[in-house]
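Those letters in the sequence shown? Residues 1 to 200, by UniProt numbering.
Worksheet: the structure to be examined is printed underneath.
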Amino acid sequence: MKRSVVAVAVLALLAEKPMHPYEMQRLIRERGKERVINVTWRTSLYKTIDRLADAGLVATVGTERAGGRPERTVYEITDDGRETVRTWLRGMLTAPREDFPEFTAAIAYLPLLDAGEVRSCLAGRLAALERDLADIHESKAAGARLGLPRLVLLEEELREATVRAHIDWITGVVADLDAGRLRWTAEELAAFSAELERER
Numbered sequence: 001m002k003r004s005v006v007a008v009a010v011l012a013l014l015a016e017k018p019m020h021p022y023e024m025q026r027l028i029r030e031r032g033k034e035r036v037i038n039v040t041w042r043t044s045l046y047k048t049i050d051r052l053a054d055a056g057l058v059a060t061v062g063t064e065r066a067g068g069r070p071e072r073t074v075y076e077i078t079d080d081g082r083e084t085v086r087t088w089l090r091g092m093l094t095a096p097r098e099d100f101p102e103f104t105a106a107i108a109y110l111p112l113l114d115a116g117e118v119r120s121c122l123a124g125r126l127a128a129l130e131r132d133l134a135d136i137h138e139s140k141a142a143g144a145r146l147g148l149p150r151l152v153l154l155e156e157e158l159r160e161a162t163v164r165a166h167i168d169w170i171t172g173v174v175a176d177l178d179a180g181r182l183r184w185t186a187e188e189l190a191a192f193s194a195e196l197e198r199e200r
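Right under this line is the structure:
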């Protein structure tokens with residue numbers, strides 16, 4: 001089975017104890033993991049669990065019913081699942097892999113917009129990143145108040161470093177746009193493209 005972030009999350013949760021998908025989704029949200037694991041749609045979680053079951057990495061324990069709710073299937077991790085999630089984690093920690101984020105793609109095609117539009121968009125992104133940074137600081141402070149060990153806050157440390165790097169980079173680009181050090185016109189880009197074609 002191909003590794004995915006959702007599959008790793010499911011196996012990690014089931015390594016704690018058997019549970020049903022609704023509980024998995026609840027714990028992901030309660031623990032703030034929805035910022036790194038996209039389980040907005042429960043169907044993607046169910047599809048991942050089905051693939052894990054087909055691969056023999058999780059197994060059905062039984063069903064449970066609470067109140068007037070429908071029956072819920074409870075899953076547990078298998079021995080193969082435990083070994084697989086450990087192998088996946090080692091790979092994810094060791095070897096960088098291209099994530100193909102939207103922002104990087106937008107930067108790649110940035111010349112389709114004029115400099116003023118780009119500056120406005122980046123200013124909006126900076127404001128959003130500053131809010132993200134404030135949320136991260138609040139999350140870390142809450143963790144400190146609860147006496148959480150650093151181990152469980154490493155994710156927030158990484159998010160903080162990443163957000164700070166984005167803020168620094170975007171601030172530099174905006175400054176270069178404002179100073180005129182970064183500029184372009186459609187005509188200049190067309191001429192540059194034509195020159196590259198001639199050199200081939």
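Quick reminder that beta carbons are idealized off the backbone N, C-alpha and C, glycines included.
- Taking a 10 Å sphere around the C-beta of T87, we find fewer than 16 other C-beta atoms and assign the residue as exposed.
- Taking C-beta atoms as the reference points, R119 and V174 count as a pair closer than 7 Å.
- Inclusion of H20 and V74 in the CB contact set at 7 Å is warranted, their separation being smaller than that value.
- Straight across, the Cα-Cα distance linking E71 with R82 is about 26 Å.
- Residue state for E187 is assigned as helix, using DSSP reduced to three classes.
- The DSSP-derived three-state label of A175 is helix.
- Excluding residues up to 5 positions away in sequence, V61, V74, E76 lie with their Cβ nearer than 6 Å to the Cβ of P18 in the same chain.
- Annotated three-state conformation of E64 is strand, per DSSP.
- Judged by DSSP in its simplified three-state form, V58 adopts strand.
- Here DSSP, grouped into helix, strand and coil, assigns T87 to helix.
- L189 places its beta carbon 7 Å or farther from that of P96.
- Residues L133 of the same chain have their beta carbon placed closer than 8 Å to that of R164, with the five preceding and five following residues left out of the count.
- In the three-state reduction of the DSSP assignment, T162 falls in the helix class.
- R183 sits close to A115, with the two beta carbons spaced by under 7 Å.
- Taking 7 Å as the cut-off, the Cβ atoms of I28 and I37 count as close.
- Each residue's CA atom was taken as its position, placing A105 and E130 some 22 Å apart.
- Ranked by Cα distance from E64, the first of L52, E102, E23, A55 is E23.
- Taking the C-beta atoms as reference points, M1 is found nearer than 7 Å to A55.
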